[in-house]
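> The numbering of the sequence shown is the working numbering, which starts it at 26 and goes up by one. A virtual CB, placed ideally from N, CA and C, is assigned to each residue, including glycine.
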Amino acid sequence: MDSEPTHAPSADSASEGRRCHGPFGAAAKGTRCPDRARFIVSRHIDFPLPVCPEHLGPALLLARNVLWPPHISLVR
Ligand SMILES: [Zn+2]
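1) Which whole-angstrom value describes the C-beta separation of proline 48 and proline 73, a residue pair presumed to lie in contact below a C-beta threshold of 8 Å?
2) Under 6 Å Cβ to Cβ from proline 59, same chain only, skipping five residues before and after it: list those, please.
3) Could you pull out every residue in the same chain whose Cβ sits closer than 6 Å to the Cβ of histidine 46, ignoring the five residues on either side in sequence?
4) Rounded to whole angstroms, what's the CA-CA distance from leucine 87 to leucine 99? Just pull it up for me.
5) Check phenylalanine 87 in the structure and name its three-state DSSP category.
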């Protein structure tokens, strides 16, 4: 298990900035989620909100300035 073939794309550093900001967005303190964001929720006059699957629902309902109907993009 020392030389396991890792043909995964080297996007580890790039995806580092794709942390979940849910469910309230980066403005909320003390609610940091350690999970990777899998979805991007578009918002009015605000930065897109990256969220993990667990926080997708809460983010749509609780985050500010979320477009409605929701505009959700997948993080690849
Ligand atoms: Zn989360």
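According to the structure data:
1) Your numbering for residue 48 matches position 23 in the sequence shown. Your numbering for residue 73 matches position 48 in the sequence shown. In fact, because the Cβ distance is near 15 Å, the residues do not count as touching under 8 Å.
2) Counted from its first residue, the sequence shown places residue 59 at position 34. Within the same chain, proline 59 has no close Cβ partners at all.
3) As a position in the sequence shown, residue 46 is number 21, starting the count at 1. For histidine 46, where only same-chain residues beyond five positions count, the Cβ hits under 6 Å are Leu74, Pro75.
4) Taking the first residue of the sequence shown as position 1, residue 87 is located at position 62. Taking the first residue of the sequence shown as position 1, residue 99 is located at position 74. Using only the alpha carbons, I get a separation of about 20 Å.
5) The residue given as residue 87 occupies position 62 in the sequence shown. The question names phenylalanine, but residue 87 is leucine in the sequence shown. Note: leucine 87 maps to helix in three-state DSSP.
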